[in-house]
Amino acid sequence: MPIIEVEIVVDSSETEIAIPVQKLADALGGVLETKPGGTWVKVRTLAAGDYAENGASDPPRPVFVRVLKAGAGSADDRRREAPLLARAVADIVDRPAENVHILYEPPARGRIAFGGELRD
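In this note's numbering, the protein residues as written are 1065 to 1184.
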């Protein structure tokens, strides 16, 4: 049930950036070892003018990835998984992996409902 949100900071020349979302979903599903239809991916862009870093006149164009799963897993699991997710995203959106930043959300179990049915 992982739900992955990818937000890509784009400069003005990239406003019409085409991201192969299905390819991204397939790659992330592979990293997360989910069955077909088990990993959901949403992609958005954020204009560079709407992003800043303090003290940086020309910050890199990062990619922010939010990962929502039923359970948190262990820190070791996340430590192993994070670079694989970063590399998969980086390869598909054509950005350096060091500019892909991953936020693991709190576990969704007991906090998320599909079709109105709470998942415990």
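The beta carbon of each residue, even a glycine, is placed where N, CA and C say it ideally should be.
Note that the structure is predicted; figures quoted are calculated from it, not measured.
(request) Give the range of the beta strand (DSSP E) segment to which Glu1071 is assigned. (result) Counted from its first residue, the sequence shown places residue 1071 at position 7. Counting along the chain, the unbroken beta strand (DSSP E) around Glu1071 starts and ends at 1067–1074.
(request) Within the same chain, show all residues whose beta-carbon is closer than 7 Å to that of Asp1075, passing over the 5 residues directly before and after it, in chain order. (result) Within the sequence shown, residue 1075 is the residue found at index 11, counting from 1. Excluding residues within five positions, the ones whose Cβ falls inside 7 Å are Ala1112, Arg1125.
(request) Whole angstroms is fine: what's the gap from Ile1083's alpha carbon to Asn1118's? (result) Numbered from 1 along the sequence shown, position 19 holds the residue referred to as residue 1083. Numbered from 1 along the sequence shown, position 54 holds the residue referred to as residue 1118. Looking at the two C-alpha atoms, the distance is approximately 28 Å.
(request) Please work out which residues of its chain come closer than 8 Å, Cβ to Cβ, to Val1095, disregarding the five sequence neighbours upstream and downstream, and give them in chain order. (result) Your numbering for residue 1095 matches position 31 in the sequence shown. Around Val1095, the same chain offers Glu1145, Leu1148, Leu1149, Ala1152 as residues with beta carbons nearer than 8 Å, after the five sequence neighbours per side are excluded.
(message) So for Glu1181, helix, strand or coil by DSSP?
(response) Residue 1181 sits at position 117 when you count from the first residue of the sequence shown. It is a strand residue.
(request) Report the three-state DSSP secondary structure of Ala1152 (helix, strand or coil). (result) As a first step, residue 1152 must be located in the sequence shown, where it is residue number 88. Of the three classes helix, strand and coil, the one that applies to Ala1152 here is helix, per DSSP.
(request) Report back the beta-carbon spacing between Ala1172 and Leu1132 to the nearest angstrom; my notes put them in contact at under 8 Å. (result) Here residue 1172 is taken as the residue at index 108 of the sequence shown, counted from 1. Here residue 1132 is taken as the residue at index 68 of the sequence shown, counted from 1. That pair is a contact at about 5 Å.
(message) Tell me the residue span of the alpha helix (DSSP H) that contains Lys1087.
(response) Sequence index remark: in the sequence shown, residue 1087 carries index 23 (1-based). 1085–1096 is the span of the alpha helix (DSSP H), which, as asked, contains Lys1087.
(message) Pop quiz: Tyr1115 and Val1073 are said to be a contact at Cβ under 8 Å. What is the actual Cβ separation, rounded to whole angstroms?
(response) One-based indexing of the sequence shown puts residue 1115 at position 51. One-based indexing of the sequence shown puts residue 1073 at position 9. Contact flag correct, Cβ pair sits at about 5 Å.
(request) Work out the CA separation of Val1157 and Ala1091 for me, nearest whole Å. (result) Walking along the sequence shown from the start, residue 1091 turns up at place 27. Walking along the sequence shown from the start, residue 1157 turns up at place 93. Using only the alpha carbons, I get a separation of about 12 Å.
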